[in-house]
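Novice:
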Amino acid sequence: MAGEEEGNQASTETLDHPPAPAAHPKHAAMLERLSNRHQQSLSRKPDPNSPDSTHSFLSLFSQSKLSIESNISLLRRQSTDQTNPALKSDLEKIFTSISHLEKLVAENSYSLPSFEVRTCLEAVSSLKQTLDTLASDIVPIKRFSFRNKKDPSSVVNAIESGKTEFHGSGEPSCPVGDLLGFKEREKKAPSSVVNVIESESRVTELEEKPSFRVWDSPGFKDRENEVLVREFKGLEMGEFSLTGLSSCEVRLTGCLRALFVHKLRDCKVYVGPVFGSVLIEEVEGCVFVLASHQIRIHRARGSDFYLRVRSRPIIEDCSGVRFGPYCLGYDGIERDLKESNLDEETGNWANVDDFRWLKAVQSPNWSILPESERIGRVTIVSSDK
Amino acid sequence: MGLLSIIRKIKRKEKEMRILMVGLDNSGKTTIVLKINGEDTSVISPTLGFNIKTITYNKYTLNIWDVGGQRTIRSYWRNYFEQTDGLVWVVDSSDLRRLDDCKFELHNLLKEERLSGASLLILANKQDIHGALSPHEIAKVLNLEGLDRTRHWEIVGCSAYTGAGLLEGFDWLVQDIASRIYMLD
Chain S
1 MAGEEEGNQA STETLDHPPA PAAHPKHAAM LERLSNRHQQ SLSRKPDPNS PDSTHSFLSL
61 FSQSKLSIES NISLLRRQST DQTNPALKSD LEKIFTSISH LEKLVAENSY SLPSFEVRTC
121 LEAVSSLKQT LDTLASDIVP IKRFSFRNKK DPSSVVNAIE SGKTEFHGSG EPSCPVGDLL
181 GFKEREKKAP SSVVNVIESE SRVTELEEKP SFRVWDSPGF KDRENEVLVR EFKGLEMGEF
241 SLTGLSSCEV RLTGCLRALF VHKLRDCKVY VGPVFGSVLI EEVEGCVFVL ASHQIRIHRA
301 RGSDFYLRVR SRPIIEDCSG VRFGPYCLGY DGIERDLKES NLDEETGNWA NVDDFRWLKA
361 VQSPNWSILP ESERIGRVTI VSSDK
Chain X
1 MGLLSIIRKI KRKEKEMRIL MVGLDNSGKT TIVLKINGED TSVISPTLGF NIKTITYNKY
61 TLNIWDVGGQ RTIRSYWRNY FEQTDGLVWV VDSSDLRRLD DCKFELHNLL KEERLSGASL
121 LILANKQDIH GALSPHEIAK VLNLEGLDRT RHWEIVGCSA YTGAGLLEGF DWLVQDIASR
181 IYMLD
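First to last, the sequence lines map onto chains S and X. FYI, UniProt numbering numbers position 247 of the first sequence as 247, with every residue one higher than the one before it. FYI, UniProt numbering numbers position 47 of the second sequence as 47, with every residue one higher than the one before it.
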């Protein structure tokens, strides 16, 4: 209460004569602030609290509101002609003028009675709503949808650079890269050549209208009862994905940046160091041997994981998953592990976090593989030989 | 702009901003926060719960809330919505399969009324990985052009691993929040 009185007093003082030097520095500062503010408001508006200024604001507000409303109704009458290209720009114009109006209210909210602020804001929001309904009538919102298209340009790139990359397309075609791969699929090679030619002819067609593409990362997709081998050289390999495999054995040697695994059944997966993260979803009855900086396992059932991880591996919605230490070997793995900063055994393979079991007691969803049940060291011999 | 936000602007004295980092798991949220704070990013476990970092950025104090993205804990995101000035949505640009999931979660999040005034920064992370989508492509997939027109948003490609693009993104975010909140200064 005392402070309020002082304040009142101070403001009256400033009207007539400069304030007397105050004993307290804080008090002096406050007096100065008050006088400054008073001076400012004097210079900017003659009298902000007078009914006049409120009145002039309100008339300005209702004027622009009226003009916006008339613009909207004009636009609505024109909107029957859907082809008119000016419709969209008109919409934008009205939208900006509403924003201006809103800003005007915000700027004047200091000096306006709270009731007026509220009514003005309500008016603005109702204007916006009207415009929105009109906009959705005029310009139907385009919904994004995925389309199933190949990425022919990168197929061609892959051929040119001689890199072994597979672009899964859902069709049971033989991947381009595997031309260099296995004996058992050599007999299918001609069909894949045809595929490549088809894709190349489609490139020109697609370049004209650069529409939205659906990508598939390089990887193995939709295979059954196969041995899938891939060797990565150096650090140029980015992501790789394993999708929809059943009863396959996958051997990936060399370094890669990220690995995505989705929908695997009864597979054995041996992977060299992943400098980045591994994401595994929906696997059943599989064995994984992985080294990575981060590992996330979702919806896995009855699978064994032999891991080396720099951070704590996590599981979510899993059951019957077991963990053991990394046990992969191939020519040059020590160098690859060192390059990927994974040469040190952190023991984190046993520090599993179960996001479905946030209790201190051991989660029933995972366990440590008893030493007697672990697989021995897995050694991959290079397929070149 | 509602009455509430006007009151907030008037009331706001200290130059503090509350920033919420969200996105699917494995998108690199924690790595981004540690990287802009100049910390070691070589050992980061998937976030169980959340981390808070207070960072001084230009003349502002950023309170960054980094919330775990695993499916199990996404339902807790809403506990962090209150008073959020800036929203950072992090996308793993190399995870093509889950982009649909990512789009769904983002649009679901933006329906939230408490976040309606927040500036939205989309970080298309992992640009350093060979095969990652460009920010332009990510914007298309996430249908950012279809967002509410009142939403302030920006998409920036970045790499939490190299640090590229992070400052550009946060510069935009801080500028945008400042121009909204401290307009009356």
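Note that the Cβ used here is the ideal one computed from N, Cα and C, for glycine as well. The model shown is predicted, which means the values in this text are computed figures rather than measured ones.
Measuring only between beta-carbons, confirm whether Lys111/X sits less than 9 Å from chain S.
Specialist: Taking Cβ atoms only, chain S never reaches closer than 9 Å to Lys111/X, which makes this a no.
Novice: If we define contact as Cβ-Cβ less than 9 Å, is Asp222/S a contact residue for chain B?
Specialist: The chain labelled as chain B is not found among the protein chains of the depicted structure, namely S and X.
Novice: Label Ile98/S either buried or exposed according to how many other C-beta atoms from any shown protein chain fall within 10 Å of its C-beta, with 16 as the threshold for buried.
Specialist: Classification for Ile98/S: buried.
Novice: So which residues of chain S does Gln70/X contact, with C-beta pairs closer than 9 Å?
Specialist: Under the 9 Å cutoff, chain S gives Arg296, His298, Ile314, Glu316, Phe355.
Novice: Please say whether Ala160/X and Gly23/X have beta carbons closer to each other than 9 Å?
Specialist: No, Cβ-Cβ distance for Gly23/X and Ala160/X is not below 9 Å.
Novice: Figure out for me which residue from Ala86/S, His55/S, Glu92/S has the closest Cα to the Cα of Gln68/S.
Specialist: Residue identity check: residue 68/S is Ile in the sequence provided, not Gln. Among Ala86/S, His55/S, Glu92/S, the Cα nearest to that of Ile68/S is on Glu92/S.
Novice: Given a limit of 8 Å on CB to CB distance, which residues of the stretch 19 to 36 of chain X reach chain S?
Specialist: Result list: Asp25, Asn26.
Novice: If you measure from the beta carbon of Val269/S to each beta carbon in chain X, is any gap under 9 Å?
Specialist: No, no contact with chain X.
Novice: Taking C-alpha atoms, which residue in Ala29/S, Lys128/S, Ser111/S, Glu32/S lies nearest to Lys65/S?
Specialist: For Lys65/S, the nearest C-alpha among the options comes from Lys128/S.
Novice: I want to verify the contact list: residues of chain X whose CB lies under 7 Å from the CB of His262/S, in sequence order.
Specialist: Going along chain X in sequence order, the residues near His262/S (Cβ under 7 Å) are Arg97.
Novice: Measuring straight from C-alpha to C-alpha, what distance separates Ser79/S and Asp132/S?
Specialist: Cα-Cα distance, rounded: 14 Å.
Novice: Evaluate Val105/S with the Cβ neighbour count: other Cβ atoms within 10 Å of its Cβ, from every protein chain shown; 16 or more gives buried, anything less gives exposed.
Specialist: Buried, since its Cβ has 16 or more Cβ neighbours within 10 Å.
Novice: What is the residue span of the alpha helix (DSSP H) that Gln175/X lies within?
Specialist: Segment 166 to 181, the alpha helix (DSSP H) holding Gln175/X.
Novice: In three-state terms, what does DSSP make of Pro135/X?
Specialist: Helix, per DSSP.
Novice: Which residues in the same chain have their Cβ closer than 8 Å to the Cβ of Trp153/X, if we skip the five residues on either side of it in sequence?
Specialist: Closer than 8 Å at Cβ, skipping near neighbours: Ser119, Leu120, Leu121, Ile122, Leu144, Leu147.
Novice: Taking C-beta to C-beta, are Glu316/S and Ile297/S nearer than 9 Å?
Specialist: Going by C-beta atoms, Glu316/S is nearer than 9 Å to Ile297/S.
Novice: Please work out which residues of its chain come closer than 6 Å, Cβ to Cβ, to Cys286/S, disregarding the five sequence neighbours upstream and downstream, and give them in chain order.
Specialist: The residues are Leu264, Cys267, Ser303.
Novice: Which ranges would you report for the beta strand (DSSP E) in the stretch 271 to 343 of chain S if only whole runs of at least 3 residues count?
Specialist: Runs of the beta strand (DSSP E) inside the stretch 271 to 343 of chain S: 287 to 301, 304 to 309, 314 to 316, 321 to 325, 328 to 330.
Novice: Below 8 Å, how does it come out for the stretch 339 to 346 of chain S and the stretch 273 to 288 of chain S: are there three or more Cβ pairs, yes or no?
Specialist: Yes, the stretch 339 to 346 of chain S touches the stretch 273 to 288 of chain S.
Novice: Does DSSP classify Ser153/S as helix, strand or coil?
Specialist: Only weak support exists for where Ser153/S lies, its pLDDT of 49 falling under 50; the coordinates are left without a value.
Novice: What residue does the alpha helix (DSSP H) around Phe104/X start on, and which one ends it?
Specialist: 99 to 110 is the extent of the alpha helix (DSSP H) around Phe104/X.
Novice: Looking at C-beta atoms only, is the number of pairs between the stretch 66 to 74 of chain X and the stretch 252 to 260 of chain S that lie closer than 8 Å three or more?
Specialist: No contact exists between the stretch 66 to 74 of chain X and the stretch 252 to 260 of chain S.
Novice: Applying the 10 Å Cβ sphere with the 16-neighbour rule, what's the burial state of Gln39/S?
Specialist: Looking at its Cβ environment, which holds fewer than 16 other Cβ atoms inside 10 Å, Gln39/S is exposed.
Novice: For my contact list, Gly244/S and Lys221/S are in at a C-beta cut-off of 8 Å; report their separation, rounded to the angstrom.
Specialist: Their Cβ separation, rounded to whole angstroms, is 6 Å, which keeps Gly244/S and Lys221/S in contact under 8 Å.
Novice: Are the beta-carbon atoms belonging to Ile19/X and Asp85/X less than 9 Å from one another?
Specialist: Yes, they are a contact pair.
Novice: Just mark Val269/S as buried or exposed, buried being the case when its beta carbon has 16 or more other beta carbons within 10 Å.
Specialist: Counting Cβ neighbours within 10 Å, Val269/S comes out buried, since at least 16 surround it.
Novice: Would you say Gly238/S lies against chain X (beta-carbon separation less than 9 Å)?
Specialist: Chain X contact via Cβ: present.
Novice: Could you work out which residues of chain X lie near Ser277/S, taking near to mean beta carbons separated by less than 8 Å?
Specialist: Those within 8 Å of Ser277/S in chain X are Asn26.
Novice: Can you tell me whether Ile94/S is helix, strand or coil according to DSSP?
Specialist: In the structure shown, Ile94/S sits in a helix (DSSP, three-state: H, G or I).
Novice: May I have the straight-line CA-CA distance separating Ser56/S from Arg114/X, to the nearest angstrom?
Specialist: Answer to the nearest angstrom: the Cα atoms are 34 Å apart.
Novice: Starting from the C-beta of Ile138/S, find all residues in its chain whose C-beta is less than 6 Å away, skip the five residues before and the five after it, and write them out in chain order.
Specialist: Once the five neighbours on either side are set aside, the close Cβ partners of Ile138/S are Ser79, Leu87.
Novice: Tell whether a beta-carbon distance below 9 Å holds between Val141/X and Leu99/X.
Specialist: Their beta carbons are under 9 Å apart, which means Val141/X touches Leu99/X by this criterion.
Novice: Relative to the C-alpha of Pro218/S, which residue among Val90/X, Asn37/X, Ile129/X is closest?
Specialist: Cα-wise, what sits closest to Pro218/S is Ile129/X.
Novice: Leaving aside the five residues before and after Thr130/S along the sequence, list all residues of the same chain whose C-beta is less than 7 Å from its C-beta, in chain order.
Specialist: Closer than 7 Å at Cβ, skipping near neighbours: Ile72.
Novice: Between Ala178/X and Asn58/X, what straight-line distance do the alpha-carbon atoms span, to the nearest angstrom?
Specialist: About 11 Å.
Novice: Under a three-way DSSP split, which group does Glu345/S fall into?
Specialist: Coil at Glu345/S, not helix or strand.
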